[in-house]
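Step one of this worksheet: look at the structure below.
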Amino acid sequence: MSKILVTGGAGFIGSHLVDALVVKNHKVVVVDNLSSGKKKFVNAEAKFYKISVTSPKLKDIFKKERPEIIYHLAAQKSVPFSLAHPLQDATENIWGSLKVIEASLAVGVKKLVVFSTGGAIYSQAKFLPYKEIAPETPLSPYGVSKLTVDNYLRNFYGPVKKLNFVCLRPSNVYGPRQDPYGEAGVVSVFVHHLLKHQACHINGSGRQTRDYIYVGDIVDAAVKAATRGSGVYNLGTGKETSVNTLYHLIAGLLYGTEAKHQPAIAGEIMRSSLNSAKAFKELGWKPKTRFEDLVRIMVEADKVR
Ligand code: NAD
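Under the numbering used here, the first residue of the sequence shown is numbered -11, with each subsequent residue one higher.
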């Protein structure tokens, strides 16, 4: 049993991670400002602090709780928001992450597991499915800020300050408690609109691809990363699915409404899928949930929204 602090533990992925840690009998502390997360998602067994990771009081909480392991998920996670508000994105995602890293050092944590992104850092399709060594060419402030934090860890806090860290780079995560605004928000949007018989809109041609992965599989990798691995890991299924295919999968199984196309978003990556061979080998992890189960999972999730 360990004392574990999770930033962003009231959010989509973070709340599932907290649930998994509580089941394993760990003592869990959640730090979240509830900017997009929900208090009702926070496991009742976890201690909760409503505070921003950018707050000067963050270090005091770390010193009081003295966690052995930190998971850092708190983030502004919207690519379109980052394009419109790059300064706020940098404040939350770079400055906030540096505060978490510094506080982790101050209490001498055994391991820091940071949630980066695999969906917004790679963009050169000739290297698909992307390995960790693929060129890092983000097209949005969100991708740049996530990569910046990875670089602080890889180039300074790891080698110079001897901080034991893992950066996880998930592809596009779907599952219960997902809201429509994140990297795989389109799954949640399509299911929710189609169940309400509302029209769906596809940005651009719909031929842009993503690698959709189930939240339970990402939580499984995160749990393993507390005791295994070091450095950066891509977490994906290696499969590319276009937005059009995703729409037809969901619409075909629900109602056959045609989607309307709208202009493409600047800064959107055209194709994405991740090669996770490094995580298979070093974390002993493999995604287990089948893409075909996506619609069933999301329809069930929409019922309890
Ligand atoms: P989410 O918005 O559901 O969760 C983020 C949580 O952080 C929320 O509870 C929010 O209230 C909290 N938060 C935001 N800013 C904060 C701040 N300044 N201080 C304290 N708490 C703050 O998002 P998610 O989809 O669960 O993403 C979790 C992490 O995983 C993020 O770092 C995101 O960038 C990363 N990620 C997500 C995906 C995906 O497909 N969802 C893919 C790759 C990476």
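Quick reminder that beta carbons are idealized off the backbone N, C-alpha and C, glycines included.
- Residue 20 carries a strand assignment under DSSP once its states are collapsed to helix, strand and coil.
- When the five nearest sequence neighbours on each side are left out, the beta carbons in the same chain lying within less than 6 Å of the beta carbon of residue 80 are those of 64, in order along the chain.
- For residue 76, the CB stays at least 7 Å from every heavy atom of ligand 1.
- Burial state of residue 11 is exposed, judged by a 10 Å Cβ sphere holding fewer than 16 other Cβ atoms.
- The alpha-carbon separation between residue 221 and residue 214 amounts to approximately 13 Å.
- Looking from the CA of residue 149, the closest CA among 97, 189, 49 and 278 belongs to 97.
- Closest option to residue 7, judged by alpha-carbon separation, among 228, 151 and 33: 33.
- Rounded to the nearest angstrom, the Cβ distance from residue 231 to residue 196 is 6 Å, consistent with a contact under 8 Å.
- Three or more beta-carbon pairs separated by less than 8 Å link the segment 200 to 214 to the segment 252 to 272, which places the two stretches in contact.
- About 19 Å separates the CB atoms of residue 146 and residue 105; that is not less than 8 Å, and the two are not in contact.
- Secondary structure of residue 81 (DSSP, three-state): helix.
- Under the 8 Å Cβ criterion, the segment 106 to 116 does not count as touching the segment 32 to 46, having fewer than three qualifying pairs.
- Residue range 231 to 241 is occupied by the alpha helix (DSSP H) that includes residue 234, with no beta strand (DSSP E) assigned at that position.
- Under the rule that a run must span 4 or more residues, the alpha helix (DSSP H) segments found entirely inside the segment 161 to 190 read 173 to 183.
- In terms of Cβ geometry, residue 228 and residue 199 form a close pair [threshold 8 Å].
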